[in-house]
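Protein chains: 2
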Amino acid sequence: MAVYTEVSDEELAAFVASYDIGQVLSVKGIAEGVENSNFMLHTERGHYILTLYEKRVREADLPFFLGLMEHLAARGLICPQPVRRMTGETLGRLAGRPAAIVTFLDGVSVKRPTAAHCGEVGRALAALHQAGADFALARPNNLSLASWRQLFEQAGEGAERVASGLTARTLDLIGALEANWPADLPQGVIHADLFPDNVFFLGPRLSGLIDFYFACTDAFAYDLAICLNAWCFEADNSFNVTKGRAMIGGYETVRSLTDREVEALPVLCRGAALRFMLTRLVDWLNVPPGALVKPKDPLEYDRRLGFHRHVTDARDYGLAR
Amino acid sequence: MAVYTEVSDEELAAFVASYDIGQVLSVKGIAEGVENSNFMLHTERGHYILTLYEKRVREADLPFFLGLMEHLAARGLICPQPVRRMTGETLGRLAGRPAAIVTFLDGVSVKRPTAAHCGEVGRALAALHQAGADFALARPNNLSLASWRQLFEQAGEGAERVASGLTARTLDLIGALEANWPADLPQGVIHADLFPDNVFFLGPRLSGLIDFYFACTDAFAYDLAICLNAWCFEADNSFNVTKGRAMIGGYETVRSLTDREVEALPVLCRGAALRFMLTRLVDWLNVPPGALVKPKDPLEYDRRLGFHRHVTDARDYGLAR
Numbered sequence: 001m002a003v004y005t006e007v008s009d010e011e012l013a014a015f016v017a018s019y020d021i022g023q024v025l026s027v028k029g030i031a032e033g034v035e036n037s038n039f040m041l042h043t044e045r046g047h048y049i050l051t052l053y054e055k056r057v058r059e060a061d062l063p064f065f066l067g068l069m070e071h072l073a074a075r076g077l078i079c080p081q082p083v084r085r086m087t088g089e090t091l092g093r094l095a096g097r098p099a100a101i102v103t104f105l106d107g108v109s110v111k112r113p114t115a116a117h118c119g120e121v122g123r124a125l126a127a128l129h130q131a132g133a134d135f136a137l138a139r140p141n142n143l144s145l146a147s148w149r150q151l152f153e154q155a156g157e158g159a160e161r162v163a164s165g166l167t168a169r170t171l172d173l174i175g176a177l178e179a180n181w182p183a184d185l186p187q188g189v190i191h192a193d194l195f196p197d198n199v200f201f202l203g204p205r206l207s208g209l210i211d212f213y214f215a216c217t218d219a220f221a222y223d224l225a226i227c228l229n230a231w232c233f234e235a236d237n238s239f240n241v242t243k244g245r246a247m248i249g250g251y252e253t254v255r256s257l258t259d260r261e262v263e264a265l266p267v268l269c270r271g272a273a274l275r276f277m278l279t280r281l282v283d284w285l286n287v288p289p290g291a292l293v294k295p296k297d298p299l300e301y302d303r304r305l306g307f308h309r310h311v312t313d314a315r316d317y318g319l320a321r
Numbered sequence: 001m002a003v004y005t006e007v008s009d010e011e012l013a014a015f016v017a018s019y020d021i022g023q024v025l026s027v028k029g030i031a032e033g034v035e036n037s038n039f040m041l042h043t044e045r046g047h048y049i050l051t052l053y054e055k056r057v058r059e060a061d062l063p064f065f066l067g068l069m070e071h072l073a074a075r076g077l078i079c080p081q082p083v084r085r086m087t088g089e090t091l092g093r094l095a096g097r098p099a100a101i102v103t104f105l106d107g108v109s110v111k112r113p114t115a116a117h118c119g120e121v122g123r124a125l126a127a128l129h130q131a132g133a134d135f136a137l138a139r140p141n142n143l144s145l146a147s148w149r150q151l152f153e154q155a156g157e158g159a160e161r162v163a164s165g166l167t168a169r170t171l172d173l174i175g176a177l178e179a180n181w182p183a184d185l186p187q188g189v190i191h192a193d194l195f196p197d198n199v200f201f202l203g204p205r206l207s208g209l210i211d212f213y214f215a216c217t218d219a220f221a222y223d224l225a226i227c228l229n230a231w232c233f234e235a236d237n238s239f240n241v242t243k244g245r246a247m248i249g250g251y252e253t254v255r256s257l258t259d260r261e262v263e264a265l266p267v268l269c270r271g272a273a274l275r276f277m278l279t280r281l282v283d284w285l286n287v288p289p290g291a292l293v294k295p296k297d298p299l300e301y302d303r304r305l306g307f308h309r310h311v312t313d314a315r316d317y318g319l320a321r
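Quick note, the sequences are listed as chains A and B, same order.
250 is the number that our numbering gives to position 250 of the first sequence; each next residue is one higher, with no gaps.
151 is the number that our numbering gives to position 151 of the second sequence; each next residue is one higher, with no gaps.
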């Protein structure tokens with residue numbers, strides 16, 4: 001559940017009064033999501049999402065995230081748009097937390113994506129990369145190559161309890177990625193977490209992207225590698241190349257991959273799978289007693305790495321050239 | 001959190017298609033509530049609440065609850081109105097559960113009610129009693145006098161672990177209530193759970209009543225006794241007679257209490273406090289490991305009973321005559 005902080009009526013009314021959106025008509029905590037506290041907010045002016053940023057989001061990063069959403073929305077990408085307070089800021093404080101109000105987006109996230117959905121996501125991802133090109137702020141990706149060895153050390157001996165042999169094959173992979181990670185690929189703003197939860201559809205049409213709280217500055221092709229991992233594997237962790245082909249094809253209708261990006265794609269896909277395996281592993285081993293959120297299984301990504309290890313060419317992911 | 005059952009996109013689309021409310025535009029689980037799974041549903045036609053009834057609600061009671069909401073709304077009481085399916089029914093099935101769609105009500109539930117709020121609640125409670133007068137269905141109150149001894153037996157030795165002396169004073173009280181419970185008071189449909197969570201306000205004005213899933217046929221004055229317990233005690237479990245006066249006064253602007261109801265009020269208030277103490281006690285002692293919902297403290301009502309035990313006259317609750 002995703003309401004960690006309770007907000008009193010008086011605090012909420014005072015906070016909303018700092019915006020030009022009228023009086024509160026209704027507020028309801030949203031059950032989905034794990035990082036922040038989110039509320040559906042209905043005011044005299046319309047429907048909004050109120051977010052209270054919890055501990056896992058660094059307050060210093062919020063101007064990047066909120067500025068990015070504003071920048072992307074101004075360039076026609078459909079994403080939540082931060083509402084400015086009467087003083088002009090998009091960030092405020094509520095119940096002791098940094099807080100923001102963003103516009104409400106219609107749409108439903110798909111639980112079982114089809115190839116057509118994957119094609120839409122590819123197109124939207126490339127559109128995001130282009131719309132972010134002239135965004136002035138930068139934010140390093142603190143969950144990329146440089147962090148992985150340290151993340152794995154946090155798991156320590158716990159890794160072998162999760163799966164026998166996990167330590168050896170993960171350390172091998174980290175070593176190989178450190179030796180072969182591509183430098184100087186085209187880069188800019190990436191979403192870095194564009195999982196099905198974070199993409200809305202209305203019927204077959206993609207209607208918006210949400211949750212920019214992992215967005216950062218990194219290689220565009222790495223973002224595509226994350227999406228191939230997040231969208232194109234089946235529940236049994238087999239890779240669906242029809243979905244991969246649709247996603248890469250959709251991406252390239254908007255932005256062509258360079259030869260160096262194509263060449264790097266297998267290494268980037270391994271890195272992306274490793275990144276989610278590692279953060280899930282650390283969360284898995286650190287579930288507090290009585291936790292409200294069931295952690296996600298790290299071994300899903302260990303199994304997907306079994307596929308990636310045998311890939312030598314971007315065509316195995318569906319590249320059609 | 002209040003989403004116990006996951007609903008797939010396909011199941012939801014098929015379910016919504018059985019109503020004349022257009023396509024699904026958005027659906028989000030609601031974090032509040034403990035009995036059922038609730039979702040905010042936005043369709044082409046408007047905003048709704050989708051409820052999946054979980055185990056604690058008896059399926060056989062649903063026609064009473066849904067019929068009552070429809071009946072009360074037709075008589076001008078502001079409450080969620082069940083939406084009829086194209087076949088005419090208000091009850092359907094979704095994800096293996098009984099399910100219904102009701103209209104969305106604006107309003108905010110107050111966490112710290114004032115005397116003015118209590119007056120509004122008193123008026124609305126009497127209006128509910130009058131609007132329900134010609135409702136054709138009946139449902140016995142299965143959480144009244146006849147159930148209390150058995151409920152307390154469920155707690156067993158656990159009661160003394162919760163508070164030393166709780167067993168003796170509770171058994172004394174149950175005996176006294178069994179000997180003195182008033183019969184033949186004016187009765188009809190009562191809400192039976194009209195706590196602040198279940199009443200919406202817009203500014204100072206009451207804007208609607210929700211959650212009719214404990215509604216039943218019982219004495220009107222017992223419903224008032226529940227509200228006095230739920231609204232007129234302070235956080236330190238002291239009784240605020242100004243709030244009690246506002247609530248009883250508000251009630252009587254719509255429906256006058258009879259002499260026998262006035263006389264019975266102290267006994268009814270003890271019974272109402274006992275009812276919530278007992279269900280909370282049983283929940284408290286039966287929290288499953290890893291439970292998502294923190295149970296409410298039964299001792300709050302044990303402490304409120306400390307006040308009720310010394311009351312001999314309805315004037316102590318604020319009756320102004």
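For glycine and all other residues, C-beta sits at the position ideal for the given N, C-alpha and C.
query                                                                                                                                                                          : result
CA-CA distance, A:M1 and A:N38?                                                                                                                                                : Confidence at A:M1 is low in this model, with a pLDDT of 39, below 50, so its placement is unreliable and no value can be given for it.
Which residues of chain A have a Cβ atom closer than 7 Å to the Cβ of B:D283, listed in chain order?                                                                           : Neighbours of B:D283 on chain A: none; closest Cβ ~16 Å, over 7 Å.
Pop quiz: B:A355 and B:A320 are said to be a contact at Cβ under 8 Å. What is the actual Cβ separation, rounded to whole angstroms?                                            : A question about residue 355 of chain B goes unanswered here, because the residues of chain B that appear run from 1 up to 321.
Just list the alpha helix (DSSP H) runs in the stretch 151-175 of chain A, keeping only unbroken ones of 4 residues or longer that don't cross its boundaries, in chain order. : 158-162
Cβ of B:T279 within 8 Å of Cβ of B:L143?                                                                                                                                       : yes
In chain order, what residues of the same chain lie with their CB nearer than 8 Å to the CB of A:P186, ignoring the 5 residues before and after it?                            : A219, F220, A221, T258, E261
Please check the pair B:V102 and B:Q81, which I expect to be a contact at CB under 8 Å, by giving their CB distance rounded to whole angstroms.                                : 6 Å
If we cut at 8 Å on Cβ distances, does A:M1 have a partner in chain B?                                                                                                         : Reliability fails at A:M1, whose pLDDT of 39 lies under 50, so the model's placement of it is uncertain and the value that follows must be treated cautiously. Output row for A:M1: interface = yes.
In angstroms, rounded to a whole number, what distance separates the CA positions of A:P113 and A:S207?                                                                        : 14 Å
If you check the beta carbons only, do B:K111 and A:D9 fall under 8 Å apart?                                                                                                   : yes
Can you check the stretch 15-89 of chain B for any beta strand (DSSP E) of at least 3 residues that lies completely inside it and give the ranges in chain order?              : 24-29, 37-43, 46-52
Checking contacts by CB at 8 Å: is A:A31 closer than that to chain B?                                                                                                          : yes
Closest Cβ-Cβ distance between B:A17 and chain A: below 8 Å?                                                                                                                   : no
Please state if the CB of A:C118 and the CB of A:K243 are separated by a distance shorter than 8 Å.                                                                            : yes
Find the residues of chain A that neighbour B:D218, judging by a C-beta separation of less than 9 Å, and give them in chain order.                                             : Simply none; closest approach about 30 Å.
Strictly under 8 Å for the Cβ-Cβ distance: is A:L299 near chain B by that measure?                                                                                             : no
Taking the alpha-carbon positions, what's the A:F200 to A:V162 distance?                                                                                                       : 33 Å
Tell me, please, whether the stretch 17-30 of chain A touches the stretch 81-94 of chain A by the rule of three or more beta-carbon pairs shorter than 8 Å.                    : yes
To the nearest whole angstrom, what separates the beta carbons of B:A273 and B:H308, a pair I think is in contact under 8 Å?                                                   : 6 Å
Whole angstroms is fine: what's the gap from A:D283's alpha carbon to A:M277's?                                                                                                : 10 Å
In this structure, does DSSP put A:C269 in helix, strand or coil?                                                                                                              : helix
Starting from the Cα of B:F104, find the closest Cα among B:R255, B:L224, B:I78, B:A127 and give me that residue.                                                              : B:I78
Checking 8 Å against the spacing of the C-beta atoms, do B:N240 and B:C232 come in under that value?                                                                           : yes
Check whether the stretch 124-132 of chain A and the stretch 60-78 of chain A touch, using three or more Cβ-Cβ pairs below 8 Å as the test.                                    : yes
Starting from the beta carbon of B:K111, find every residue of chain A whose beta carbon is closer than 8 Å, and list them in chain order.                                     : S8, D9
List the residues of chain A that B:G107 touches, going by C-beta distances under 9 Å, in chain order.                                                                         : L25, S26
Taking only the alpha-carbon atoms, compute the straight-line gap between A:L25 and B:V287 and give it to the nearest angstrom.                                                : 34 Å
How big is the Cα-Cα spacing for B:E54 and A:L177?                                                                                                                             : 49 Å
Less than 8 Å between the beta carbons of A:R123 and A:G318, yes or no?                                                                                                        : no
Taking B:H42 as the query, report the chain A residues whose CB atoms sit under 7 Å from its CB, ordered along the chain.                                                      : D106
For A:N180, count the other beta carbons within 10 Å of its own beta carbon; 16 or more makes it buried, fewer makes it exposed. Which is it?                                  : exposed
Suppose you measure from the CA of B:A95 to the CA of B:G306; what does that come to, to the nearest Å?                                                                        : 45 Å
Give the range of the alpha helix (DSSP H) segment to which A:G208 is assigned.                                                                                                : Counting along the chain, A:G208 falls outside any alpha helix (DSSP H), though it belongs to the beta strand (DSSP E) covering 205-209.
So what does B:L202 bridge to, in DSSP terms?                                                                                                                                  : B:R205
So what does DSSP say about A:T242, is it helix, strand or coil?                                                                                                               : helix
If you measure from the beta carbon of B:L68 to each beta carbon in chain A, is any gap under 8 Å?                                                                             : no
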